[in-house]
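With the UniProt record's numbering applied, the sequence shown covers 1 to 405.
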Amino acid sequence: MLNDLKIKQLKAKEKLYRIADHSGLCIEVRPTGKKFWRFRYRFLNKPQMLTIGQYPEISLSYARSKVIEIREQLAKNIDPIAFKKNERLEALQSQEETFSALAIEYCNHKKAMKSNNWLYVRELSYEIDIFPVIGNKPIKDVTSVDIKNIMDNTLSRVLRSGKGTGEKKAILVRQHIAEVMQYAIISDKLVNDPTYALRGYIQSPEAENAQPVNSKDRKIIMSKIDNYSGAISTKNALKTLIYTMLRTVEIRRALKEYIDFEARTWTIPIVTKSDLLAGKRNMKKNRIHIVPLSDQVITILKAQFLAYPDSPYIFPGIKPNTMIAANTLNQSFRNMGLNHITMHDFRATASTDLNEANYNSNWIELQLAHVKGDKVKATYDHAKWLKDRTKMMQDWADIVDSWKE
Numbered sequence: 001m002l003n004d005l006k007i008k009q010l011k012a013k014e015k016l017y018r019i020a021d022h023s024g025l026c027i028e029v030r031p032t033g034k035k036f037w038r039f040r041y042r043f044l045n046k047p048q049m050l051t052i053g054q055y056p057e058i059s060l061s062y063a064r065s066k067v068i069e070i071r072e073q074l075a076k077n078i079d080p081i082a083f084k085k086n087e088r089l090e091a092l093q094s095q096e097e098t099f100s101a102l103a104i105e106y107c108n109h110k111k112a113m114k115s116n117n118w119l120y121v122r123e124l125s126y127e128i129d130i131f132p133v134i135g136n137k138p139i140k141d142v143t144s145v146d147i148k149n150i151m152d153n154t155l156s157r158v159l160r161s162g163k164g165t166g167e168k169k170a171i172l173v174r175q176h177i178a179e180v181m182q183y184a185i186i187s188d189k190l191v192n193d194p195t196y197a198l199r200g201y202i203q204s205p206e207a208e209n210a211q212p213v214n215s216k217d218r219k220i221i222m223s224k225i226d227n228y229s230g231a232i233s234t235k236n237a238l239k240t241l242i243y244t245m246l247r248t249v250e251i252r253r254a255l256k257e258y259i260d261f262e263a264r265t266w267t268i269p270i271v272t273k274s275d276l277l278a279g280k281r282n283m284k285k286n287r288i289h290i291v292p293l294s295d296q297v298i299t300i301l302k303a304q305f306l307a308y309p310d311s312p313y314i315f316p317g318i319k320p321n322t323m324i325a326a327n328t329l330n331q332s333f334r335n336m337g338l339n340h341i342t343m344h345d346f347r348a349t350a351s352t353d354l355n356e357a358n359y360n361s362n363w364i365e366l367q368l369a370h371v372k373g374d375k376v377k378a379t380y381d382h383a384k385w386l387k388d389r390t391k392m393m394q395d396w397a398d399i400v401d402s403w404k405e
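Shown next as structure tokens:
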């Protein structure tokens, strides 16, 4: 039998030679001086030889333990050489089937039928919350505990940022992981979805319905905006949102080409199917929307056109060729100490006040873009009631201007 001293004393010769240990194990000494553990055995009555590894990286004791494992395989009629090849393939496959690799594969599979925004949202979610924890982990080794940790981390991250309580984001992150897991299952690379156990782990907060702005806040809102230290474009965007009853996204995406000063209208067009697939949308629902312009809004728009002559946007972001950031308007209200008011509250305020003033409910619903039926009828209705709505919108702007202490 061999020991370490005997092995170290074995010298290289012109030809390869082997020295037996026991039970089929031997040390092979090559002309280069390198030494390898080899195991002789018979499988299906044919002589075979398997390389266990190089000495001294593979120790004598480890080589002997491997021989015991191999003999157990032989007793079960398993070919050790084929078994070793399968181990290598599985190791290689596990590298190819990490969560990040499957997530990228999933997105590539879906992106032709999804919008650019769909892809952007997932890539951001992977980069910030998911990949740092499980990106390099074989997808079959990802556990429910891993996903719970990711959700907890996301919740804490959003809370620290001061941009909310984080429940919605944590739930969304779980959904993004679940998409990849389900793709892996139908691709025959996974059996069970570990995200399933996390359904309901974090409860989504109850949606807060928009509320009309109370009389106390109405007295200070316009003066707060006037005295706000933010950009003039942000202040003008806030006022325009209140005067026009438009949604935040409609203010952000507003282009100068939508404005007809002569007709005193702001026309938001529909977008093509290809634009929708690319993530471009002007309205919550893809329908034409005509906004009659009050004197107050005309004044603001002319000021914006003059201040930003090179921008296609009415209310540009930091760079003239970009729209105002998604959170800018709500954040500005938080900065003013009005964090209890959302931009959507002004739409509720206008709806309540104008209905109480006995304006035609159809005009109000059209101005809020609460349109039912087909697109042709929607366009016809906008044209049909435009004169009536023009007066209503001027009256509404005057009401807003009356909000003073």
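Where a beta carbon is used, it is the ideal one built from N, C-alpha and C, also for glycine. Remember, predicted model here, so these are calculated numbers, not experimental data.
Practice item. Pull up the distance between the alpha-carbon of N179 and that of Y359, whole angstroms please. Key: Residue identity differs from the one stated: residue 179 is Glu in this sequence, not Asn. Approximately 48 angstroms between the Cα atoms of the pair.
Check your understanding: Do you know how far the Cα of F346 is from the Cα of R389?
Key -> 18 angstroms
Check your understanding: Based on the DSSP secondary-structure assignment, which residues constitute the bridge partners of E250?
Key -> E250 is not bridged to any residue.
Point to revise | Neighbour-count burial assignment, E57, 16 or more Cβ in a 10 Å radius | key: exposed
Review point. So D129 and V173 are in contact, right, with Cβ under 8 angstroms, and what is the actual spacing, rounded?
Key: 5 angstroms
Exercise for review: Identify every residue that forms a DSSP beta bridge with K46.
Suggested key: F43
Point to revise | Presumed contact (8 angstroms Cβ cut-off) between Y313 and A254, rounded CB distance | key: 7 angstroms
Review point. At what residues does the alpha helix (DSSP H) containing T328 begin and finish?
Key: T328 to N335
Check your understanding: R38 bridges to which residues according to DSSP?
Key -> Paired residue(s): C26 and T51.
Review point. Out of N192, A348, K140 and H289, which has the shortest C-alpha to C-alpha gap to T98?
Key: Comparing C-alpha distances from T98 to each of N192, A348, K140 and H289 shows the shortest one belongs to K140.
Check your understanding: Taking the runs of the alpha helix (DSSP H) that are 4 residues or longer, which of them lie wholly in the region 100–131?
Key -> 116–125
Check your understanding: Is I290 near T265, with beta carbons less than 7 angstroms apart?
Key -> Yes, Cβ-Cβ distance for I290 and T265 is below 7 angstroms.
Point to revise | Cβ shell of V142 (< 7 angstroms), same chain only, five flanking positions each side left out | key: F99, I134 and P194
Exercise for review: Express the C-alpha separation of A303 and M393 in angstroms, rounding to a whole number.
Suggested key: CA-to-CA, the gap between M393 and A303 works out to about 20 angstroms.
Review point. Between the beta-carbon of Y228 and the beta-carbon of M336, is there less than 7 angstroms?
Key: yes
**Study point:** W37 versus N45, K84, A20 and P292, residue with shortest Cα-Cα distance
**Key:** A20
Point to revise | Neighbourhood of I248 by C-beta, 6 angstroms cutoff - its chain only, sequence neighbours within 5 removed | key: A small correction: the amino acid at residue 248 is Thr; Ile does not occupy that position in the sequence shown. Once the five neighbours on either side are set aside, the close Cβ partners of T248 are L329 and M343.
**Study point:** Selected residue, minimal CA-CA separation from L119, among I221, A103 and S402
**Key:** A103
Check your understanding: Going by Cα to Cα distance, which pick from Y55, C26, K34 and L74 is closest to R42?
Key -> For the residues Y55, C26, K34 and L74, the minimum Cα distance to R42 belongs to L74.
Review point. When the Cα atoms are used, what is the spatial distance from K34 to F83?
Key: 25 angstroms
**Study point:** Under the three-state DSSP convention, the category R199 falls into
**Key:** coil
Check your understanding: Is residue 406 buried or exposed, if buried means 16 or more other CB atoms sit within 10 Å of its CB?
Key -> Lying before the first or after the last residue shown, residue 406 is absent from the chain, which here runs from 1 to 405.
Review point. Are there 16 or more other CB atoms within 10 angstroms of the CB of K239, so buried, or fewer, so exposed?
Key: buried
Exercise for review: Give the single residue among T244, V400, N77 and I202 whose Cα lies nearest to the Cα of I147.
Suggested key: I202
Practice item. Put L255 into one of helix, strand or coil per three-state DSSP. Key: strand
**Study point:** Three-state secondary structure assigned by DSSP to R264
**Key:** coil
Practice item. Tell me where the beta strand (DSSP E) around Y62 begins and ends. Key: Y62 -> not in any beta strand (DSSP E); alpha helix (DSSP H) instead, spanning L60 to A75.
Point to revise | Whole runs of the alpha helix (DSSP H) within the region 161–239, excluding any shorter than 4 residues | key: Within the region 161–239, the complete alpha helix (DSSP H) segments at least 4 residues long are 167–186 and 215–226, listed from N- to C-terminus.
Review point. Should G166 go down as buried or exposed, given a rule of 16 or more other Cβ atoms within 10 Å for buried?
Key: buried
Review point. In its own chain, which residues sit with a C-beta less than 8 angstroms from the C-beta of A12, not counting the 5 before and 5 after it?
Key: V29, R30, P31, T32 and G33
Point to revise | Among S59, F39 and S23, the one whose alpha carbon lies nearest that of I7 | key: Of S59, F39 and S23, the residue nearest in Cα terms is S59.
Practice item. Rounded to whole angstroms, what's the CA-CA distance from P292 to I251? Just pull it up for me. Key: Looking at the two C-alpha atoms, the distance is approximately 15 angstroms.
Review point. Do you know how far the Cα of S144 is from the Cα of L198?
Key: 7 angstroms
**Study point:** Own chain partners of S125 with C-beta closer than 6 angstroms, once the 5 adjacent residues on each side are dropped
**Key:** V173 and H176
Point to revise | Residue closest to M222, alpha-carbon to alpha-carbon, out of T352, P80, F333 and N77 | key: Taking only the C-alpha atoms, the option nearest M222 is F333.
Check your understanding: Under a three-way DSSP split, which group does L10 fall into?
Key -> coil
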